[in-house]
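The numbering of the sequence shown is UniProt numbering, which starts it at 1 and goes up by one. Where a beta carbon is used, it is the ideal one built from N, C-alpha and C, also for glycine.
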Amino acid sequence: MADLFANKPKGDGLPPWNGGAVAWDELVTMEPQLKAMWDAIRLLRSPKRPASFCANRIWYDVFKPRLTQLVGWSCPRKNPALRSSKAWDTAYRKLYDALPDCPDCGCF
Numbered sequence: 001m002a003d004l005f006a007n008k009p010k011g012d013g014l015p016p017w018n019g020g021a022v023a024w025d026e027l028v029t030m031e032p033q034l035k036a037m038w039d040a041i042r043l044l045r046s047p048k049r050p051a052s053f054c055a056n057r058i059w060y061d062v063f064k065p066r067l068t069q070l071v072g073w074s075c076p077r078k079n080p081a082l083r084s085s086k087a088w089d090t091a092y093r094k095l096y097d098a099l100p101d102c103p104d105c106g107c108f
């Protein structure tokens, strides 16, 4: 059964990422737009945000779709490190953790 898929191209013909974890600083060097996203997320920590603010809503509606264009399997870049699940994990955690807590939205 494995022979059926032996010749199927993987990752658009790009070599896979065989390295380990990718540090945030390395990601920002490879893709500066990640730092701009982080800066935008940090602005949301303003004490003037509405009580109805929901970090999960803004993450899934605004930031996560953009992140898929910058790192991970869906990334159109040809850099194997940026396209790796390791890069996705690092960027996702760094950006999501930068979001402020939801005050009273009840999403959890």
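Reducing DSSP to helix, strand and coil, say where residue i ends up.
| i | result |
| --- | --- |
| ARG45 | coil |
| PRO103 | coil |
| LYS78 | coil |
| ALA6 | The predicted position of ALA6 is uncertain, since its pLDDT is 46 and thus under 50; a value taken from the coordinates is nonetheless stated next. Coil, per DSSP. |
| PRO65 | helix |
| ALA40 | helix |
| TRP59 | helix |
| VAL71 | coil |
| ARG83 | coil |
| GLU26 | helix |
Between residue i and residue j, how many whole angstroms is the CB-CB distance? I'm expecting something under 8 Å.
| i | j | result |
| --- | --- | --- |
| VAL62 | ALA87 | Not really, about 20 Å apart at Cβ, beyond 8 Å. |
| TRP17 | ALA81 | 5 Å |
| LEU99 | ALA55 | 4 Å |
| TRP24 | LYS78 | Not confirmed; about 21 Å, so no contact. |
Would you call residue i buried or exposed, if buried means 16 or more other Cβ atoms sit within 10 Å of its Cβ?
| i | result |
| --- | --- |
| SER84 | buried |
| ALA36 | exposed |
| LEU27 | buried |
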